[in-house]
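J.: Supplied in structure tokens, the structure appears directly below.
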Amino acid sequence: MRGSERASLLLVGLHLHSLRVVFSTNTGFSMSIYDVTSRSIYLRWSKFSGASSYRVTATAVNTVGHSLLAHFSDGTLKSTLTSLIPNTVYAIQAEAIDKNGITLAETRTMQSTAPDVPVIDQAYSKLSSSITVEWRAVPGATGYLLAAQDGDSCIETVVTKSPGTVMGLEPATCYRITIRSVNAGGKSRPSPSRKTTTVLSAPILSASSPSCDSIAVSWKAVYMAVGFSVSLMRSDGLGKMLKQNTTNTSFIFSNLDPGTLYTIKAYAWNANGLPGDDFTYNQRTIPCAPGNVSIEDDEHGNLLVSWFRVNFGHYYVVFVKSDDGLEVYCNTSHTQCLFQSDCGFTYFVSVFAYNNAGQSPLGDVFNYTTAPCCPSNFRAVLVSSDTVEVSWAPVRGAEMYETKAASWRGTVLCNDTATACTLSALRCNTRYNVTVYSFSEARGSNTSCASKYVTTAPCSPEIKNISKEALSVISVHWQSNNEEATYIVTARGEAGLWHCTSSGNSCTLINLPCGSAFSVSVIARSPAGQSLPSYSVPLETAPCCPNDLTLTQVTQSVTNVTWSVGMGAHTYATTLESPKGQAKCHTLQNYCLLGCITCGTNYTVSLKAISETGLTSHCTYQGYSSSACCPSGVKLYRLGNNGIRVYWQASEETISYITDLRGSKGNFTCSPSSGLSYCDITEIPCGDVYTAVVSPATAKSLKFTFCPKKIYSVTCSGSSVGMGKNTVHSFHYSCS
Numbered sequence: 262m263r264g265s266e267r268a269s270l271l272l273v274g275l276h277l278h279s280l281r282v283v284f285s286t287n288t289g290f291s292m293s294i295y296d297v298t299s300r301s302i303y304l305r306w307s308k309f310s311g312a313s314s315y316r317v318t319a320t321a322v323n324t325v326g327h328s329l330l331a332h333f334s335d336g337t338l339k340s341t342l343t344s345l346i347p348n349t350v351y352a353i354q355a356e357a358i359d360k361n362g363i364t365l366a367e368t369r370t371m372q373s374t375a376p377d378v379p380v381i382d383q384a385y386s387k388l389s390s391s392i393t394v395e396w397r398a399v400p401g402a403t404g405y406l407l408a409a410q411d412g413d414s415c416i417e418t419v420v421t422k423s424p425g426t427v428m429g430l431e432p433a434t435c436y437r438i439t440i441r442s443v444n445a446g447g448k449s450r451p452s453p454s455r456k457t458t459t460v461l462s463a464p465i466l467s468a469s470s471p472s473c474d475s476i477a478v479s480w481k482a483v484y485m486a487v488g489f490s491v492s493l494m495r496s497d498g499l500g501k502m503l504k505q506n507t508t509n510t511s512f513i514f515s516n517l518d519p520g521t522l523y524t525i526k527a528y529a530w531n532a533n534g535l536p537g538d539d540f541t542y543n544q545r546t547i548p549c550a551p552g553n554v555s556i557e558d559d560e561h562g563n564l565l566v567s568w569f570r571v572n573f574g575h576y577y578v579v580f581v582k583s584d585d586g587l588e589v590y591c592n593t594s595h596t597q598c599l600f601q602s603d604c605g606f607t608y609f610v611s612v613f614a615y616n617n618a619g620q621s622p623l624g625d626v627f628n629y630t631t632a633p634c635c636p637s638n639f640r641a642v643l644v645s646s647d648t649v650e651v652s653w654a655p656v657r658g659a660e661m662y663e664t665k666a667a668s669w670r671g672t673v674l675c676n677d678t679a680t681a682c683t684l685s686a687l688r689c690n691t692r693y694n695v696t697v698y699s700f701s702e703a704r705g706s707n708t709s710c711a712s713k714y715v716t717t718a719p720c721s722p723e724i725k726n727i728s729k730e731a732l733s734v735i736s737v738h739w740q741s742n743n744e745e746a747t748y749i750v751t752a753r754g755e756a757g758l759w760h761c762t763s764s765g766n767s768c769t770l771i772n773l774p775c776g777s778a779f780s781v782s783v784i785a786r787s788p789a790g791q792s793l794p795s796y797s798v799p800l801e802t803a804p805c806c807p808n809d810l811t812l813t814q815v816t817q818s819v820t821n822v823t824w825s826v827g828m829g830a831h832t833y834a835t836t837l838e839s840p841k842g843q844a845k846c847h848t849l850q851n852y853c854l855l856g857c858i859t860c861g862t863n864y865t866v867s868l869k870a871i872s873e874t875g876l877t878s879h880c881t882y883q884g885y886s887s888s889a890c891c892p893s894g895v896k897l898y899r900l901g902n903n904g905i906r907v908y909w910q911a912s913e914e915t916i917s918y919i920t921d922l923r924g925s926k927g928n929f930t931c932s933p934s935s936g937l938s939y940c941d942i943t944e945i946p947c948g949d950v951y952t953a954v955v956s957p958a959t960a961k962s963l964k965f966t967f968c969p970k971k972i973y974s975v976t977c978s979g980s981s982v983g984m985g986k987n988t989v990h991s992f993h994y995s996c997s
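Here the numbering used here is used: the first residue of the sequence shown is 262, the next is one more, and so on.
In structure tokens form, the structure reads like this:
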């Protein structure tokens, strides 16, 4: 409990003890005392009915001849008794008097005055939080109330004798100091005040040993201080004391003994040179920091930190902090420590020596950067037979990456800060050992990165030739220059796609449509991928043979041949051939007239469809037989009035003929039996001109109109039948 709180509680107790209310036993007239000082008593009484005045008498007990009498009107119910003797017990009587001077009621009490007012001899401050007061003792005082007032703030404390100290004050602050004497009756008036200022607060020291032979002391500024005094001495009392006055807030003591405990004291002084509170701090110097620290990492991912042993060092602690904030330490009596490390980290290493005195100052802080991490699970994608795209995830500590593809034929390198690299100009059908190395300026390249084998796609085949094996069958030959490759031949044209597959160096395309143009290429496939296609070679199949071919005999020696269009054909060559000779025709059209045909002859029919480039398809058709020869020596004879006999000379005895007789009055036909060379037509009208044609008869009773025609006039006068001229037009050919 603070002194001011104790003083307040004590005063309250004293005050309650002195304020007594005294009642008349019979009348209800009462009197109370509400304050007491050294020479005054403050009292009040109750109003009494019928009283016109009141009389108060105070008589000193044990003091002869000292009493006090006072009269008050009926409107006055309180009074102050003054000019009393300090520290004296008074018998006090109050009476209620009527207008006739008769006492109506009375009440009595006993009250002591407070001790006399003390006098301050001196007030001074030795500590920044207190002021000490000295005074002469006051008779009858059982205690004293000290008060320190700063503006509206007042701190009080009760003491029993001089000197007394007021605690809980502010440093470097001016206070007005008063004192009162206290006994069971009350407290005196305040003494005349004294102004006193508390001294400065002590500087709060902090100290460290930056080296094994020095101690650095620092403190915060002190209010109202103009200077500071700092002293240092060995705590064991050996050696001399070092003292320094300064206006700064820090100082370094040097040339000290390592590992030694020192006591440091400091105080501030004000403008008058008065010192304030002092502050004591103990600080040990230790041992010197270990030197010749070396750091190295091994192949197992460990950092080995080693150093030289130092004097006064009983054991050592090594702190290793990584650049991600994680810190580990090692406590050892040896001169080396082993730490687990990771790739791509920078480690900050500090080594401290310890003994019974404590920790050495911080020596040099070393940093060590491990090799960057290796890209793991990098991905190699074959873009083409000579290009591989390699990609990977970024790794810690890497500033650049080097991608290397090595084979027995050579090495390809790619350097980039990106996490992808395209290796071009590779050889097809080649196995490469691909490695991605990480690089940092601090440690260079991490050469322990794992590699992968990547085989490039097969080389593009080269078509050597294309041969025609049969109709719609083509063989493609190429140079095989890949291992474990399958070759796919593709013929691409407007008619569609045709494929064949082979693991050798040739392949046959079948069922190619006639009369079509193709572009033929070859690709190679292997588990590594697919090659680029070979250069394309044009391919043209022979023209298609016409589906339909028709022969029509135009004259006895001329036949008309027609056919449908053959796909891919540019020109056609038609041939009719027999033992008696052949007829040929070469044309751009799809028809042809063949002359010099021998009548009554069986011919073999063939046609060549020829493309623009000279490819030929040989087409054969069903044989063709030319018509029988027309008869010769056709003559007509009259048979009676209405008949005619037509006579001819047959080209062959086995041929049958048919006779047609046509006129304006009718048409007549005669078919004689086989082997006869004449035919009779009866009952024909006379008086008309008839055209007579004798032609070979066919199985389908076809009539050939190209045999010679004879015109005859038949009269009705009984004259002989006239013989007309041959009016048939015939074709003329120069036949060989």
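Built from N, CA and C at the ideal position, the CB exists for glycine as well.
Anyone know if the C-beta pair for ALA958 and TYR918 falls short of 7 Å?
T.: Yes, they are a contact pair.
J.: Give me whichever residues DSSP pairs with GLN740 in a beta bridge.
T.: The partner list for GLN740 (beta bridge, DSSP) reads GLU723.
J.: Would you kindly check if the distance between the Cβ of SER701 and the Cβ of GLU253 is under 7 Å?
T.: Since the first residue shown for the chain is 262 and the last is 997, residue 253 is missing from the structure and cannot be characterised.
J.: Per DSSP, what are the beta-bridge partners of CYS880 in this structure?
T.: Its beta-bridge partners are LEU868.
J.: Relative to the C-alpha of GLY924, which candidate in PRO933, LEU900, VAL954 and TYR405 has its C-alpha closest?
T.: Minimum Cα distance to GLY924 is reached at VAL954.
J.: So VAL715 and ALA641 are in contact, right, with Cβ under 8 Å, and what is the actual spacing, rounded?
T.: That belief holds up - the Cβ atoms of VAL715 and ALA641 are roughly 5 Å apart, short of 8 Å.
J.: What does ALA803 pair with, by DSSP beta-bridge criteria?
T.: Per DSSP, none; premise fails for ALA803.
J.: Between THR286 and THR368, what straight-line distance do the alpha-carbon atoms span, to the nearest angstrom?
T.: Low confidence applies here, because THR286 scores a pLDDT of 45, under 50, leaving its location unreliable and the question unanswered by this model.
J.: Does the region 423 to 438 come within contact of the region 459 to 476, defined as at least 3 CB pairs closer than 8 Å?
T.: Output reads yes: the region 459 to 476 touches the region 423 to 438.
J.: Where does ILE392 sit, in a helix, a strand or coil, going by DSSP?
T.: Residue state, collapsed to three classes: strand.
J.: CA-CA distance, PRO379 and THR541?
T.: Going from the Cα of PRO379 to the Cα of THR541 covers about 38 Å.
J.: Between which two residues does the beta strand (DSSP E) containing ARG441 stretch?
T.: Per DSSP, ARG441 belongs to the beta strand (DSSP E) from 435 to 443.
J.: What three-state label does DSSP hand PHE284 in the structure shown?
T.: At PHE284, the pLDDT of 40 sits below 50, so the modelled position is not reliable; the number obtained from the coordinates is stated separately. Correct three-state label for PHE284: strand.
J.: Out of curiosity, what's the CA-to-CA distance linking VAL895 and GLY904?
T.: Answer to the nearest angstrom: the Cα atoms are 16 Å apart.
J.: Give, in chain order, every unbroken run of the beta strand (DSSP E) that is at least 3 residues long and sits entirely within the region 485 to 524.
T.: Taking only runs of at least 3 residues, the beta strand (DSSP E) segments lying wholly in the region 485 to 524 are 488 to 495, 503 to 507 and 511 to 514.
J.: Taking the alpha-carbon of GLY534 as reference, which of ASN516, PHE489 and ILE513 has the nearest alpha-carbon?
T.: Checking every option, the nearest Cα to that of GLY534 belongs to PHE489.
J.: If we call anything under 7 Å between Cβ atoms a contact, is SER736 one with THR708?
T.: Result no, Cβ atoms of SER736 and THR708 do not sit closer than 7 Å.
J.: Pull up the DSSP beta-bridge partners for TYR615, would you.
T.: TYR576 and GLN620, per the DSSP bridge assignment.
J.: With a threshold of 16 other CB atoms inside 10 Å of the CB of GLY829, please say whether the residue is buried or exposed.
T.: Label assigned to GLY829: buried.
J.: Indicate the three-state DSSP secondary structure (helix, strand or coil) for PHE333 in the structure shown.
T.: Strand, per DSSP.
J.: Can you tell me whether DSSP reads LYS970 as helix, strand or coil?
T.: DSSP places LYS970 in strand when its eight states are reduced to three.
J.: By DSSP, does GLY776 sit in helix, in strand, or in coil?
T.: Correct three-state label for GLY776: coil.
J.: Note down the Cα distance separating ILE727 from PHE639, rounded to an integer number of angstroms.
T.: Cα to Cα, ILE727 sits roughly 44 Å from PHE639.
J.: Any idea what DSSP makes of GLN850, helix, strand or coil?
T.: Coil, per DSSP.
J.: With 16 as the cutoff for other CB atoms within 10 Å, does THR930 come out buried or exposed?
T.: Its Cβ having fewer than 16 others within 10 Å, THR930 is exposed.
J.: Could you tell me the alpha carbon to alpha carbon distance between PHE580 and ASP518, rounded to whole angstroms?
T.: In a straight line, the C-alpha of PHE580 is about 26 Å away from that of ASP518.
J.: Among all the DSSP beta bridges, which residues are the ones paired with HIS760?
T.: Note: HIS760 sits in a beta bridge opposite THR751.
J.: Would the beta-carbon of TYR973 fall within 7 Å of that of TYR939?
T.: It is not a contact, given that the beta carbons lie outside the stated cut-off.
J.: Using a threshold of 7 Å, state whether the C-beta atoms of VAL578 and ASN592 are closer than that.
T.: Yes, Cβ-Cβ distance for VAL578 and ASN592 is below 7 Å.
J.: Is it a yes or a no for the region 387 to 406 touching the region 357 to 371, going by three-plus beta-carbon pairs under 8 Å?
T.: No, they do not touch.
J.: If TRP739 sits next to SER795, beta carbons under 8 Å apart, how far is it from one beta carbon to the other, in whole angstroms?
T.: The Cβ separation is near 7 Å, so the contact holds.
J.: Please say whether LEU684 and ALA667 have beta carbons closer to each other than 7 Å?
T.: Not a contact, by the Cβ cut-off of 7 Å.
J.: Determine the burial state of TRP669: buried for a count of at least 16 other Cβ atoms within 10 Å of its Cβ, exposed for fewer.
T.: The residue in question, TRP669, is exposed, as its Cβ has fewer than 16 Cβ neighbours within 10 Å.
J.: Here's a check: name, in chain order, each residue in its chain whose Cβ is nearer than 6 Å to the Cβ of PRO933, leaving out the five neighbours to either side.
T.: Excluding residues within five positions, the ones whose Cβ falls inside 6 Å are CYS940.
J.: How many angstroms separate the CA atom of LEU329 from the CA atom of ILE353?
T.: The alpha-carbon atoms of LEU329 and ILE353 are separated by roughly 9 Å.
J.: Cutting at 7 Å between CB atoms, please list the residues of its own chain near GLY311, excluding the five before and the five after it.
T.: Closer than 7 Å at the Cβ level, and outside the excluded window around GLY311, lie ASP359 and LEU365.
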